[in-house]
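All remarks here apply to the structure that follows.
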Amino acid sequence: MTRSPRFKGYIHDIGGPSANFRIPSCGKQSKVGACQHRQCLFPDLCPQLVVDHSDYFALLRKARRIPKVKKVFVRSGIRYDYLLADPKAREYLKELCQYHISGQLKVAPEHVSDQALHYMGKPKARVFDQFREMYREVNEELGRNQYLVPYFMTSHPGCGLTDAIELAEYVRDLGFQPQQVQDFIPTPGSVSTAMYYSGLDPMTGKDVLVVKSPDKRALQRALLQYRKPEHRTTVIKALKLGNRNDLIGDHPKALIRFQATTRDKISTKGRSGYKGGGKKR
């Protein structure tokens, strides 16, 4: 690649999904493969899990030493829960922020509701809060103005209107304004898809709430982008259905103001990311 006359010296994204989860999870996985009935990181870290980022960062250092390579970027794919489990988490995050982030890092907390996260197989929101605070502190130490862009999903199996409102409140408290929202789309071979079509949790056999109606899915999507004027009517409908009229009014916690003001209009034009701080939960 470096021999190509079109190569400008920048590797724009090295890694992929779970980029830092590079080595075998444990000795058992190396011998017989992954466990069939448990996960490495959910609901808690497996006691057998080997947490070691040395190989991953050795790869990044090797890549940035290649002649003609100016910068090696990691734009997404970092499993922050796995990174935080490493005793050297802060040291590694500092190296990542110093050499491998170009203005922003995308991560995937996906939701904040305990119920939604349970069915997604993701860590609780407090783990993301811990990571974003460390990210803010590290960038402050480096004198960098770098943003953290969280990826959130709506209408995943197990995610109802109450969960969507909780996510909207979380986004409000962060001061984050998502420009893009991912509605859950069933894809072959995943546990989430099995739940979507069966309405059952395959791990327990218990019923799972599944939102399939386009109108109900639109409510969740609009809530996450409640600042957009075109979503105003839909958000009001969602809040009333969820018995959350307290979030409509002229007060700081309101998602919808009684009347749009100049201040509201200006606030919709802010950045799509944030520096990792924000109000703690």
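Reading the sequence shown from the start, the letters are residues 849 to 1129 in the working numbering.
Ideal Cβ placement from N, Cα and C applies to all residues, glycine included.
Item, Value
"Where Lys918 falls, given that 16 or more other Cβ within 10 Å makes a residue buried", "exposed"
"Element boundaries [beta strand (DSSP E), containing Val997]", "995-1002"
"Per-residue burial, Arg1075 [other beta carbons within 10 Å of its own, 16 or more giving buried]", "buried"
"At least 3 beta-carbon pairs within less than 8 angstroms: the region 979-993 vs the region 1038-1058", "no"
"Spatially closest choice to Leu1067 from Lys1088, Met1051, Val975, Pro957, by CA coordinates", "Lys1088"
"Helix, strand or coil at Pro1062 according to DSSP, with G and I counted as helix", "helix"
"Asp1031 vs Thr1010 beta-carbon contact at 8 angstroms", "no"
"Reference Ala973, options Tyr983, Met982, Ser961, closest by Cα", "Ser961"
"Delimiting residues of the alpha helix (DSSP H) encompassing Glu1078", "Glu1078 -> no alpha helix (DSSP H), and no H or E assigned at all."
"Asp1183 in three-state terms, based on DSSP", "No statement about residue 1183 is possible, as the shown extent of the chain runs from 849 to 1129 and does not include it."
"Option nearest Pro1077 by Cα separation, candidates Leu1103, Asn868, Phe921", "Leu1103"
"Asp1055 versus Pro1062, Arg870, Ser1046, residue with shortest Cα-Cα distance", "Ser1046"
"Opposing strand residues paired with Asp962 [DSSP bridges]", "Bridge partners of Asp962: none, in fact."
"Pick from Leu907, Tyr947, Glu958, Pro1026 that is closest to Tyr928, judged by C-alpha positions", "Glu958"
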